Amino acid sequence: MSLATLQAPRDGLLRRISDVLVARRGLYLLLLLVPPLLWLGIVYLGSLFALLAQSFFSIDEFSGTIVREPSLKTYGELLSPSNLDIIIRTVSLSAVVTLLSAVIAFPIAYYAARYARGRIKALFYIAVMMPLWSSYLVKVYAWKLLLAKEGVIGWIMAKLGLAWLLEAWLSLPILGGPSLSVSYTGMVLVFLYLWTPFMILPVQAALERVPGSLIEASGDLGASPGQTFRKVILPLAFPGVVAGAIFTFSLTLGDYIVPQIVGPSSLILGQVVYTQQGTAGNIPLAAAFSVVPVLIMGIFLTVAKRLGAFDAL
């Protein structure tokens, strides 16, 4: 029996399967979606539901063991003043980082969308993306050295005769501290460096969609540059701002490495989850704290969808 004879039935079977898949596009699409949906359902959603289940357990205060009986005791602990303070502090920090990154990103994105062309635009994308190419930890530790009391920023301020200004800023309550590397100001600066590229790109994409004829028409009708920005440019580009805010807000909300290296001793949400799960061994409380950003981002994404942010992604 020849090799061609042996291969013919197999080829015929593959051809019949191919014909069925071509004729039934829905079945073909379903077969393509099954592997990623299984991965999403088992690995991601499965772990998420396991986390949610753990949050309904509690810790026996006497033995320190996990009591695997459903209760709301652990969620009640989230409402204690100290834990509420952590949640409010984290959300406030994330909101400040998001707002500042939008203020920084908008003029950069506007220049790229309206004026940059050819090689200049290519250089713009390289400059924006380049910080993302280096190691996350290397960047954070580099910033810790820059922000230290004997670091480059302090040295430059002293050379410019502005050391008094830095000292005055560090003396401010909440914002200041012994040095920039152990202050909320330093933490915000590091977060801005890390996450601003994620704000620039969606805003730039949204500004690309703003027709230049609308801006020209606004000027022809007598609107000042400020009025054109407020009435034409910002409303049309706002979905891009919200899309960028999804990244900057969520990344800041869940980060626990930056606050451990740069910033004051006050804990934020990611640090508490890491501490409770590791050092304290209180997995139910760590799971309950982990549910908080999931709920916050669920609300955030619902609002963002209504504002059309997904169209700018």
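Heads up, the sequence shown is in the UniProt record's numbering, so the first residue is 1 and it goes up one at a time. Each residue gets a CB set at the ideal place from its N, CA and C atoms; glycine is no exception. The structure presented is a predicted model; accordingly, all values stated were derived computationally and were not measured.
Using 10 angstroms around the beta-carbon of Pro211, count the other beta-carbons present and answer buried if the total reaches 16, otherwise exposed. Stepping through the sequence shown from its first residue, residue 211 is reached at position 211. So Pro211 ends up on the exposed side.
Helix, strand or coil for Val210 per DSSP? The residue you call residue 210 lines up with position 210 of the sequence shown. Looking at Val210 - three-state DSSP - the assignment turns out to be coil, as it is neither helix nor strand.
Residues that DSSP places opposite Ile66 in a beta bridge: Your numbering for residue 66 matches position 66 in the sequence shown. Answer is Ile59.
Assuming Leu253 contacts Leu269 under a Cβ cut-off of 8 Å, what Cβ separation, rounded to an integer in Å, is found between them? On the sequence shown, position 253 is the one that residue 253 refers to. On the sequence shown, position 269 is the one that residue 269 refers to. Their Cβ separation, rounded to whole angstroms, is 7 Å, which keeps Leu253 and Leu269 in contact under 8 Å.
Which of the three DSSP states, helix, strand or coil, is assigned to Ala127? Position 127 of the sequence shown, counted from the start, is the residue given in the question as residue 127. The answer is helix: DSSP assigns Ala127 an H, G or I state.
Are there 16 or more other CB atoms within 10 angstroms of the CB of Ala158, so buried, or fewer, so exposed? Looking up residue 158 in the sequence shown gives position 158. Per the 10 Å Cβ criterion, exposed.
Measure how close the beta-carbons of Val272 and Phe300 come, nearest whole angstrom, since I'm counting them as under 8 Å. Here the question's residue 272 lines up with position 272 in the sequence shown. Here the question's residue 300 lines up with position 300 in the sequence shown. Val272 to Phe300, Cβ: 20 Å. No contact.
On a Cα-Cα basis, can you pick out the residue from Ile296, Tyr193, Leu307 and Ser82 that is closest to Pro239? Here residue 239 is taken as the residue at index 239 of the sequence shown, counted from 1. Nearest option by C-alpha distance: Leu307.
Backbone secondary structure at Asn282 - three-state DSSP: As a working note, residue 282 is residue 282 in the sequence shown. Reduced to three states, the DSSP call for Asn282 is coil.
Within its chain, find whatever has a CB closer than 6 Å to the CB of Ser250; leave out the 5 residues flanking it on each side and keep chain order. Within the sequence shown, numbered from 1, the residue matching residue 250 stands at position 250. Within the same chain, Ser250 has close Cβ partners Met297.
Do Val241 and Ala102 come within 7 Å of each other at the CB atom, strictly closer than that value? Along the sequence shown, one-based indexing puts residue 102 at 102. Along the sequence shown, one-based indexing puts residue 241 at 241. Yes.
Could you have a look at Val262 and say whether DSSP puts it in helix, strand or coil? Within the sequence shown, numbered from 1, the residue matching residue 262 stands at position 262. Three-state result, Val262: coil.
Tell me where the alpha helix (DSSP H) around Leu84 begins and ends. Position 84 of the sequence shown, counted from the first residue, corresponds to residue 84. It spans Pro81 to Arg114 - the alpha helix (DSSP H) in which Leu84 sits, taken as one unbroken run.
Look at the alpha carbon of Ala217 and the alpha carbon of Arg230, and state the distance between them as a whole number of angstroms. Numbered from its first residue, the sequence shown carries residue 217 at position 217. Numbered from its first residue, the sequence shown carries residue 230 at position 230. One C-alpha to the other measures close to 14 Å.
For Ser47, which of helix, strand or coil comes out of DSSP? Translated into positions along the sequence shown, residue 47 becomes position 47. Helix at Ser47.
Leaving out the 5 sequence neighbours to the left and right, which residues in its chain are closer than 6 Å to Val291 when beta-carbon positions are compared? The residue given as residue 291 occupies position 291 in the sequence shown. If we look at Val291 and ignore the five residues flanking it on each side, its Cβ neighbours are Ser55.
Quick check on DSSP: helix, strand or coil for Glu77? What you label residue 77 is simply residue 77 of the sequence shown in a count that begins at 1. Of the three classes helix, strand and coil, the one that applies to Glu77 here is helix, per DSSP.
In the DSSP assignment, find the alpha helix (DSSP H) that holds Ser250 and state where it starts and stops. In the sequence shown, the residue the question calls residue 250 occupies position 250. Taken as a continuous stretch (DSSP letters only), the alpha helix (DSSP H) holding Ser250 covers Leu234 to Gly254.
Residues in its own chain within less than 8 Å of Thr196 by CB, not counting five upstream and five downstream? Taking the first residue of the sequence shown as position 1, residue 196 is located at position 196. So the qualifying residues of the chain are Ser101, Ile104, Ala105 and Thr248.
Rank Lys305, Val303, Ala304 and Ala286 by C-alpha distance to the C-alpha of Ile66 and give the top, closest one. Here residue 66 is taken as the residue at index 66 of the sequence shown, counted from 1. Among Lys305, Val303, Ala304 and Ala286, the Cα nearest to that of Ile66 belongs to Ala286.
Could you check what DSSP says for Ala4 in three-state terms: helix, strand or coil? What you label residue 4 is simply residue 4 of the sequence shown in a count that begins at 1. Confidence in Ala4 is poor, its pLDDT being 48 and thus under 50, which makes the residue's placement too unreliable to answer from.
Distance, Cα to Cα, Ser135 vs Gly263? Reading the sequence shown from its first residue, position 135 is the one you call residue 135. Reading the sequence shown from its first residue, position 263 is the one you call residue 263. Cα to Cα, Ser135 sits roughly 20 Å from Gly263.
Taking just the CA atoms, how far does Ile42 sit from Phe49? The residue given as residue 49 occupies position 49 in the sequence shown. The residue given as residue 42 occupies position 42 in the sequence shown. Taking the straight line from one Cα to the other gives about 10 Å.
With 16 other Cβ atoms within 10 Å as the buried cut-off, status of Tyr184: Along the sequence shown, one-based indexing puts residue 184 at 184. When all chains shown are included, Tyr184 counts as buried.
Go ahead and label Gln227 buried or exposed: buried means 16 or more other beta carbons lie within 10 angstroms of its beta carbon, across all protein chains shown. Along the sequence shown, read from residue 1 onward, the residue named residue 227 stands at position 227. With fewer than 16 other Cβ atoms within 10 Å, it is exposed.
Can you give the beta carbon distance from Tyr75 to Pro131, rounded, assuming they're within the 8 Å contact cut? Residue mapping note: residue 75 aligns to position 75 of the sequence shown, counting from 1. Residue mapping note: residue 131 aligns to position 131 of the sequence shown, counting from 1. Rounded, the Cβ-Cβ distance is 39 Å, inconsistent with contact.
How long is the line joining the alpha carbons of Gln276 and Glu61, rounded to whole angstroms? Taking the sequence shown and counting its residues from 1, one reaches residue 276 at position 276. Taking the sequence shown and counting its residues from 1, one reaches residue 61 at position 61. For Gln276 and Glu61, the distance between alpha carbons rounds to 15 Å.
Boundaries (first-last residue) of the alpha helix (DSSP H) holding Ala158: Working through the sequence shown from its first residue, we reach residue 158 at position 158. Unbroken alpha helix (DSSP H) run through Ala158: Val152 to Lys159.
Going by the beta-carbon positions, is the gap between Val203 and Leu214 smaller than 7 Å? Here residue 203 corresponds to residue number 203 of the sequence shown, with the count starting at 1. Here residue 214 corresponds to residue number 214 of the sequence shown, with the count starting at 1. No, the pair does not count as a contact, with Cβ atoms beyond the cut-off.
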